[in-house]
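Heads up: take any position in the sequence shown, counting from 1, add 15, and you land on our numbering.
Everything on this sheet refers to the single structure shown next.
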Amino acid sequence: IAKLRYEKGLLPRQEVEKVFIDLVNSQARLRNSEILEAEAREKLTAALGHASIRSDWPWLESFQDAKAKLSERSFHLERVPSFELAQKNYEKERQRTKRDFRRMLPSLDFQADYNFRSTSTTTDAWTGALTLSLPLFDQLINYSRYAAQAEKSATAEFDLEDAKRKGEAEFRSARATFLITLDTALARQETLGIARRLYRDNEIRFKSGKINANELSVDQERLFRAEQFAVEGWGA
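In structure tokens:
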């Protein structure tokens with residue numbers, strides 16, 4: 016465009032030289048970007064074994080109604096893996112505590128036997144026995160086991176409550192963060208549309224000689240930043 020305007024006498028030679036320098040610098044940045052892309056592709060191949068991945072950007076359509084759905088979604092604590100694990104661990108430790116407590120209590124055992132006699136001079140008979148066990152002289156082994164197990168049960172109960180609070184807090188935080196980043200991405204996408212429209216309009220103005228190369232370059236850099244911010248917004 017600058018050369019055509021220069022040939023028509025609508026642009027001074029200095030303006031053409033500025034455009035040429037910008038072009039060379041842009042080509043240098045393009046080469047650097049191509050090197051970075053090749054390095055990234057090699058890393059991807061090393062990680063996956065191939066580099067044939069989808070390069071489309073489906074989030075514009077995928078998140079159209081995500082905001083309404085997420086705002087209405089309720090929290091289900093039982094679906095949180097960390098809470099489920101803590102709940103099972105607490106139940107296990109609680110049952111073990113009950114077991115160790117019962118070991119400190121007196122126990123009553125009943126045993127019955129049936130004696131079969133094969134001679135005519137004797138008769139069959141039942142015999143039974145009741146055994147009362149008092150754990151008085153166990154050197155407090157059972158009590159020590161119970162006390163240690165009670166501590167484990169208390170710790171498991173604390174972990175369960177901690178998992179419950181963290182699960183709810185993480186859900187609220189994740190939902191709020193997602194909604195904020197979604198609003199940000201939508202706003203950046205709208206800004207990108209405006210930047211593209213402005214650049215197209217100023218490119219037409221540049222062709223007609225109403226603005227110079229520097230002004231067009233500023234508009235182009237503004238468009239590039241808007242594109243980058245929009246991609247970063249959807250990535251977040």
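We put the beta carbon where it would ideally sit given N, CA and C, even for glycine.
Anticipated Cβ contact below 8 Å, residue i with residue j, distance rounded
| i | j | result |
| --- | --- | --- |
| Ala178 | Ser97 | 5 Å |
| Asp37 | Ser232 | 6 Å |
| Lys82 | Leu194 | 6 Å |
Where the alpha helix (DSSP H) through residue i begins and ends
| i | result |
| --- | --- |
| Arg240 | Ala228 to Gly250 |
| Leu59 | Arg28 to Leu63 |
| Lys103 | Pro96 to Met119 |
| Asn20 | According to the sequence provided, residue 20 is Arg. The question's Asn does not apply to it. Its alpha helix (DSSP H) spans residues Ala17 to Glu22. |
Residue burial classification, residue i (beta-carbon count within 10 angstroms, cutoff 16)
| i | result |
| --- | --- |
| Gly182 | buried |
| Gly248 | buried |
| Arg211 | exposed |
| Thr142 | exposed |
| Leu175 | buried |
| Leu145 | exposed |
| Val39 | exposed |
| Glu52 | exposed |
| Thr192 | exposed |
Simplified DSSP state of residue i, which is helix, strand or coil
| i | result |
| --- | --- |
| Asp80 | coil |
| Leu213 | helix |
| Gly224 | coil |
| Ala66 | coil |
| Phe125 | strand |
Does the structure place the stretch 166-175 close enough to the stretch 199-208 that three or more beta carbon pairs sit under 8 Å? no
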